[in-house]
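Chemist: Sharing a structure here in structure tokens format.
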Amino acid sequence: MATYADNIRTPPRTLTEVEQRRLLKATGEHKAGFRDHVLFSLALGTGLREHELLALDVGDVFDGDKARRRLVLRVFKRSSDSPATQEVVLPDAVRAKLDRFFRWKRSVGESLDRDAPVFVSRRGNRLSARQLREVFHVWQERAGFERRLNFHALRHTACSNLYRRTKDIRVTQRFARHKSILTTSIYAHPSDEDLVRAVLDLPC
């Protein structure tokens, strides 16, 4: 017989608030890190998966020289019985960074054609998943992380952040673009930081 514990999924690995600040600060302090800073910010602000981020073209993200409010995804994790299009909403802070990134791409001569990739390698090709994982690990080291996380942890972090901010599992489900709310429920697990904040003012 299945027990209650059998139905509890292990909470996903996420970046702490300190790690998020360190990662964005480290990439933001280096001119050569601006592409990665924008990419990580976009991941944290939207919860986009690795392949969804790398598939973005200029026309998907920008309307003229300004970042769109909503991105309609051409490439995303599809359900076999739900082929409908998906979209994400961009936070204002991420849109501002993307606007700067557009100007930066123009200044260094990167293609801004509608079908050109948003994130490119040093050779001007679409950034690959392997390259993305490598740069993420490099920036973790530069930011002083004491552990190694995979790139998908940014999606988990984004979804966890939204749930902690709203305490609304339905809003989080829509943000994560999950078909089942049971999948989203993993983000309702309290983090170590949540526990510390909760016990600070306990009467004892």
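According to my numbering, the sequence shown holds residues 3 to 206 in order.
Where is the CB? At the ideal position from N, CA and C, for every residue including glycine.
Keep in mind that this is a model prediction, so the values were computed, not measured.
(1) With respect to the alpha helix (DSSP H) encompassing V120, which residues constitute its N-terminal and C-terminal limits?
(2) Is G2 near D117, with beta carbons less than 8 Å apart?
(3) Could you give the distance in angstroms between the alpha-carbon of E195 and the alpha-carbon of D94?
(4) Between R108 and L114, how many whole angstroms is the CB-CB distance? I'm expecting something under 8 Å.
(5) Opposite K68 in the DSSP bridges: which residues?
(6) May I ask which residues mark the beginning and end of the alpha helix (DSSP H) holding V40?
(7) With DSSP run on the structure shown, which of helix, strand or coil describes L202?
(8) Measuring CB to CB, does A190 end up less than 8 Å from L17?
(9) Over what stretch of residues does the alpha helix (DSSP H) that includes V137 continue unbroken?
(10) Could you give the first and the last residue of the continuous alpha helix (DSSP H) run that contains V77?
(11) Below 7 Å CB to CB, which residues in the same chain sit around D59 once its five sequence neighbours on both sides are set aside?
(12) Using DSSP bridges, identify the partner residues of V96.
Modeler: With the given structure in hand:
(1) First-last for V120: undefined, no H or E at that position.
(2) No information on residue 2 is available, as it lies outside the stretch 3 to 206 that the chain covers here.
(3) 26 Å
(4) 6 Å
(5) D65
(6) 36 to 48
(7) coil
(8) no
(9) 131 to 144
(10) No alpha helix (DSSP H) holds V77; DSSP gives it neither H nor E.
(11) R116, D117, A118, P119, V120
(12) For V96, which the question treats as bridged, DSSP gives no partner whatsoever.
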